[in-house]
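Going line by line, the protein sequences match chains Y and R. Take the first sequence: its letters are residues 467 to 640, numbered as in the working numbering. Take the second sequence: its letters are residues 439 to 608, numbered as in the working numbering. Notes to accompany the following structure.
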Amino acid sequence: MAGSLIKIDEEMVTSAVASVTLGGSDWDSSYDVYMVRFSNVTPTTDATIIYARIIKSDDTADSTANYDRAIKILRTDATFTNVGQTNQTEVGVEVLGTATGESANGIFYLFNFNNASEYNFCTTEMSNFDNTSRLIAGQGGFVHTVSQVSKGLQFFMSSSTIASGTFTLYGLKK
Amino acid sequence: MAGSLEFIKSASGTSVSSLSVADCFSANYDVYQVLIAKLDSTGSAYAYLRFIDSGGSVISASEYDWAEMDLTAYAGFAENRNTAQNKGLLGFAGGTGTADMGGFLTTVYNPNDSSSYTFYNGQSSIKASSGLAGAKYIGVHKSAEQITGINILPSTGTWDNITINIYGVK
């Protein structure tokens, strides 16, 4: 019996790129729920933020101020933090650095991306080592409050480029 | 296209101080799912992990950082965090009966990559004597080395019964 986690798109960054798009022209609209995993993601420039945006139906990233986020940040250095944001133009994933071991790793689930009458939702689970070599990661989710069909996620840095990492998009077969 | 969540191997034990799953991580996958689907202990224990190095040794050096939140139905949520520990925390492992145990699902990142740290995160749902007691947790093994397996141990006592299933995310 075939498995039910179906790989749709994968980008393995081995030399610097400005952004990574999962889906877009490679999007497969056969699924209700999708999984995105990323591992060993590092930046070219120290202390830069990796962000995510939704890919619109025209295969471009949606930069409108419609991202709401609510997460619990687990961390080793201080009391865990609640973060709630509304009407953002992107979703912050982590502040990354270039020292040994500093990287981002996580799994997101995407909901309603093929439904033009629903918002696009995403759950987030991560385990990261940030630019201060601190274990830290936000667990929770975000929503893009526009009813539209979307075609994946884009990852990009606040400045400079993504140096390395593996990004994979899967569909969950019904 | 073939499925991308692939069963690798399983291990079980009874009346064991810990349980290892050796040679479950390889170059075939970057990311793994570790599922503890059967567990009961002799004491009211927390569950921890240790990784296994390329020589087959369980790593007990002070190289683990972790942060964990107890999600309890009967009390305020408790936070646990630490650095430079000799094992990585997963979460509370429940009471002493099989009926008290739900499960732990842990994602492990980059274990085979000798140039990166090995990360994990996950969640659990189990029952303590006072009620539901799940957890959300993250951790890292802060040594750039190849990891080939995993060891699950209790904070106190032994595992009466434990089964661990390992899956690769292709």
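For each residue, glycine too, the CB sits at the ideal point set by N, CA and C.
{"query": "Which of helix, strand or coil does DSSP assign to Y:Ser669?", "result": "Because chain Y in this structure spans residues 467 to 640, residue 669 of chain Y falls outside the shown range and cannot be described."}
{"query": "With a Cβ-Cβ cutoff of 8 Å, do Y:Val557 and Y:Phe587 count as a contact?", "result": "no"}
{"query": "Can you find a CB in chain R that lies within less than 8 Å of the CB of Y:Ala603?", "result": "yes"}
{"query": "Residues of the region 584-614 of chain Y with a CB closer than 7 Å to any CB of chain R: list them in chain order, please.", "result": "Glu591, Met592, Ser593, Phe595, Leu601, Ala603 and Gln605"}
{"query": "Could you check whether the region 517-534 of chain Y touches the region 607-624 of chain Y, counting it as contact only if at least three pairs of C-beta atoms, one from each stretch, sit closer than 8 Å?", "result": "yes"}
{"query": "Please report how far the alpha carbon of Y:Val486 lies from the alpha carbon of Y:Gln620, in whole angstroms.", "result": "6 Å"}
{"query": "Out of curiosity, what's the CA-to-CA distance linking R:Met439 and Y:Asp543?", "result": "Residue placement at R:Met439 cannot be trusted, given a pLDDT of 47 that sits under 50; the coordinates are not used to answer."}
{"query": "What does the alpha-carbon distance come out to for the pair R:Val607 and Y:Asn553?", "result": "34 Å"}
{"query": "For the pair the region 565-572 of chain R and the region 592-605 of chain Y, tell me if three or more CB-CB distances fall below 8 Å.", "result": "no"}
{"query": "Exposed or buried, R:Gly526, counting other C-beta atoms within 10 Å across all chains shown (16 or more means buried)?", "result": "buried"}
{"query": "If you measure from the beta carbon of R:Phe542 to each beta carbon in chain Y, is any gap under 8 Å?", "result": "no"}
{"query": "Does the distance from the CB of R:Tyr502 to the CB of R:Ser593 come in under 8 Å?", "result": "no"}
{"query": "For the beta strand (DSSP E) that Y:Met592 lies in, which residues bound it at each end?", "result": "Asn586 to Met592"}
{"query": "For R:Glu444, which residues in the same chain have their Cβ closer than 7 Å to its Cβ, ignoring the five residues on either side in sequence?", "result": "Tyr605, Gly606 and Lys608"}
{"query": "For the region 487-505 of chain Y, which residues have a CB atom closer than 8 Å to at least one CB atom of chain C, in sequence order?", "result": "Among the chains of the structure shown, chain C does not appear; the protein chains present are Y and R."}
{"query": "Determine the extent of the beta strand (DSSP E) in which R:Tyr558 is found, giving its start and end residues.", "result": "Thr556 to Ser563"}
{"query": "Can you tell me which of the three DSSP states Y:Ala490 falls into?", "result": "Position check: residue 490 of chain Y holds Gly in this sequence, whereas Ala was assumed. It is helical."}
{"query": "Got a sec? Which residues, its chain only, sit under 7 Å from Y:Ser625 by beta carbon, not counting five neighbours each side?", "result": "Thr511 and Thr514"}
{"query": "Taking the Cβ atom as the reference point for each residue, do R:Asp468 and R:Tyr555 lie within a distance shorter than 8 Å?", "result": "no"}
{"query": "Which residues in the same chain as Y:Gly570 place their Cβ atom closer than 7 Å to its Cβ, once the five residues preceding and following it in sequence are excluded?", "result": "For the record, residue 570 of chain Y in the displayed sequence is Ala; it is not Gly. Answer for Y:Ala570: Phe504, Val507, Ile516, Val559, Glu560, Leu562, Met592 and Asn594, listed in chain order."}
{"query": "Quick one: is Y:Met478 buried, meaning 16 or more other Cβ sit within 10 Å of its Cβ, or exposed?", "result": "exposed"}
{"query": "Are the CB atoms of R:Tyr686 and R:Leu528 nearer to each other than 8 Å?", "result": "This structure gives no information on residue 686 of chain R, because the portion of chain R shown stretches from 439 to 608."}
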